[in-house]
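What follows is a set of notes on a single structure, which appears directly below.
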Amino acid sequence: MARVIGIDLGTTNSCVAAFQDGQPVVIPSSGGYKVTPSVFAMTADAEHLVGHPARRQAITNAENTVFASKRLIGRRFDSAEVQRSLELYPYRIFEGPNEDPRISISDQTFTCSEVSAVVLREMKRIAEEFLGESVDSAVITVPAYFNDTQRQATRDAGRIAGLDVLRIINEPAAAALAYGMAHDGEEKIAIYDLGGGTFDMSILEMSDGVVEVVATAGNTFLGGEDFDQRIVDHLVGNFESEHGIDLRSDAMAMQRLKDVAEKAKCILSQRESTEINLPFLASDGEGPRHLTCELSRDQLEALVEDIVEGTLKSVEQCVLDAGLEPKDIDHVVVVGGQSRMPMVQEAVAEFFGQRPHKGVNPDEVVALGAAIQGCALVDGTQDVLLLDVTPLSLGISTAGGHFARIIDRNSTVPVNKSHPFTTTRDDQSAVKIRVFQGENDMALENDLLGEFVLAGIPSAPKGEPEIEVSFDIDSSGIVSVSARDMASGMKQSITVNAKSTLSEEELDLIIEENAQFDVQPRG
Ligand code: ADP
Ligand code: MG
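For the sequence shown, numbering that gives the first Met the number 0 assigns the number 0 to the initial residue and increments by one for each residue that follows.
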């Protein structure tokens, strides 16, 4: 039987795990690394680099190095998040034919799913090399707060990478599965996951192998990257006032600043102060200009205080949605690299009135949980049941642009619900069903997942036809919708496909193009 792997496809780092001798283990690369940077680059001679080699050359090849593309996947090009990324990232992002953001490096263009596929293929390769056999299926994790479009784009990435994606599961739920394997008894746990690009908060109940997500909240555009950016802005501002030079348009200088900012941030998790040194950062009529300064933990904390506070708002919302109070939580587990910052640990500890649980490795636990779920799906030897929830309410727009919620956020998935709708005019022969996901009462303020038309409604006075709209969210959080005219029995159904996701034809074409990169383990 071919092997199944669990992949934590992170914004910053990815990690792969599989079962060995009845235990989930993280698979190291041949270089001994347990995590692989989610970075993809092309060199001047069109060589593809992934992971550590790509990250190592990021400074000297900033324009052709893609990182943090998970922040773009499944979004519309004109979304605020993509527009913000245009300012932040040195690689070229442009609008694709599906109104999706696409990436261009070294004169080649990629969809975001293809970029993720490059990373996924590397994780598959690492696993095959280590296991000495081919791997064809995977469970891939996504932030709990990913919407339908982001999930579909991630699943497409898996398919492009040559993987049968058995299920998409949420990162905090995966973390809970791994944590649950090591703990018996009934517990309510809170998982706070602050990674490089996303923030997720979930509250789960565990008992005897059943992991039930009670509530989830978060922000898919908030993470360590934003902490780094605050430091960069601070340094750029200081440099400008000292030397009168604006570094913002100098891609290489900005990449060096980002690099040094991240390093300083990590050092400040251990120490009270650190020195930042960037010789020859710029030059003017008077010669080369260097950047040398001290950054203290206090200064850093002042720069990012509001971001940390922002995460606590989601924590509060999540606890409220779970119908609990902070003191009801038995254990708090913190996950994600950015949660190593003392200020973050303290904020979480203060909110819950207890220290976060030590003893899970925040870099590995998500991949381990994905491997556990994979094993449970494939051969049933893992006695676990994961009951997850949908992070966002689902519904359609009705007359006046109002959002009619059909499935509430935090409903357990899979879930199926139907609701009757009717026409607003006499003899109306067609209705347009526009499907949205989000919490705003005005439909357009939410994410449009897709739309379709149900035509051929027999002539009738307004308000008379009964049109039943059914919504279905599967275990991966992926949505499908159908509409039926009860009088004629006519039915239209779709797997909701936002314009920004790849069509089946586009996907087939990409899968074929990418097959040329496939590798097989030897012997
Ligand atoms: P993702 O899940 O998004 O790939 P990770 O969980 O790997 O992200 O976290 C990466 C983020 O954690 C980066 O922004 C990195 O700078 C930050 N990070 C890693 N170690 C530390 C540390 N010791 N102190 C503060 N931040 C850290
Ligand atoms: Mg992560």
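The beta-carbon is built from N, C-alpha and C at its ideal position, and this holds for glycine as well.
Item, Value
"Close Cβ partners of L508 (< 6 Å) along its chain, the five nearest in sequence each way excluded", "none"
"Check: R288 C-beta below 7 Å from any heavy atom of the ligand ADP", "no"
"Heavy atom of the ligand MG within 7 Å of E80 beta-carbon", "no"
"The segment 365 to 377 touching the segment 289 to 308, judged by at least three CB pairs closer than 8 Å", "no"
"Residues of its chain near D329, where Cβ-Cβ distance is below 8 Å and the 5 sequence neighbours each way are ignored", "E186, K187 and I188"
"Distance, R296 Cα to A53 Cα", "30 Å"
"Complete alpha helix (DSSP H) runs within the segment 36 to 83 (minimum length 4 residues, chain order)", "51 to 55"
"Range covered by the alpha helix (DSSP H) that runs through N276", "Note, N276: premise wrong, no alpha helix (DSSP H); beta strand (DSSP E) at S272 to D283."
"Straight-line Cα distance separating A369 from A16", "8 Å"
"Residue burial classification, N169 (beta-carbon count within 10 angstroms, cutoff 16)", "buried"
"Closest residue to V210 among S28, D387, V452 and G352 (Cα-Cα distance)", "D387"
"F18 - DSSP class collapsed to helix/strand/coil", "strand"
"Contacts around K257, its chain only, beta-carbon distance under 7 Å, and the 5 residues preceding and following it disregarded", "D227 and V231"
"Those runs of the alpha helix (DSSP H) which lie wholly inside the segment 132 to 205 and span at least 4 residues", "147 to 159 and 170 to 180"
"Local Cβ density within 10 Å of N415, reported as buried at 16 or more and exposed below that", "exposed"
"Three-way DSSP call (helix, strand, coil) for T397 in this model", "strand"
"Reduced DSSP category for I456 - H, G, I as helix; E, B as strand; rest coil", "coil"
"CA-to-CA distance, L384 to E46, given in whole angstroms", "43 Å"
"Backbone secondary structure at E304 - three-state DSSP", "helix"
"Per-residue DSSP class, three states only, for N12", "strand"
"Any non-hydrogen atom of the ligand MG closer than 7 Å to G455 Cβ", "no"
"Option nearest I432 by Cα separation, candidates E444, E438, L447 and F451", "F451"
"Rounded straight-line distance, which links the Cα of E505 to that of G358", "44 Å"
"Candidates P36, C265, R74 and T291: closest to L277 by CA position", "T291"
"F109 versus V65: straight-line alpha-carbon distance, rounded", "11 Å"
"Beta-carbon proximity check, G223 vs G184, cutoff 8 Å", "no"
"Those residues which DSSP pairs with T108 across a bridge", "S103"
"Close-in-space but distant-in-sequence residues of the same chain around T397 (CB under 6 Å, 5 per side omitted)", "A403"
"Stretch pair the segment 406 to 414 + the segment 468 to 475: three plus CB contacts closer than 8 Å", "yes"
"DSSP-derived helix/strand/coil call for A429", "coil"
"Environment of P100 [buried if 16+ CB atoms lie within 10 Å]", "buried"
"K461 (DSSP reduced to helix, strand or coil)", "coil"
"Contacting residues, own chain, Cβ-Cβ under 7 Å from P325 (five flanking each side not counted)", "V318, F350, F351 and G352"
"Reduced DSSP category for Q519 - H, G, I as helix; E, B as strand; rest coil", "Bear in mind that the predicted position of Q519 carries a pLDDT of just 48, short of 50, making it unreliable; the figure below should be weighed with that in mind. In this structure, Q519 counts as coil in the three-state DSSP scheme."
"Inter-stretch contact (C-beta, 8 Å, three-pair minimum) for the segment 330 to 337 and the segment 136 to 154", "no"
"Beta-carbon contacts of V3 that lie in its chain and below 6 Å, excluding the five residues immediately before and after", "S136, G373 and V377"
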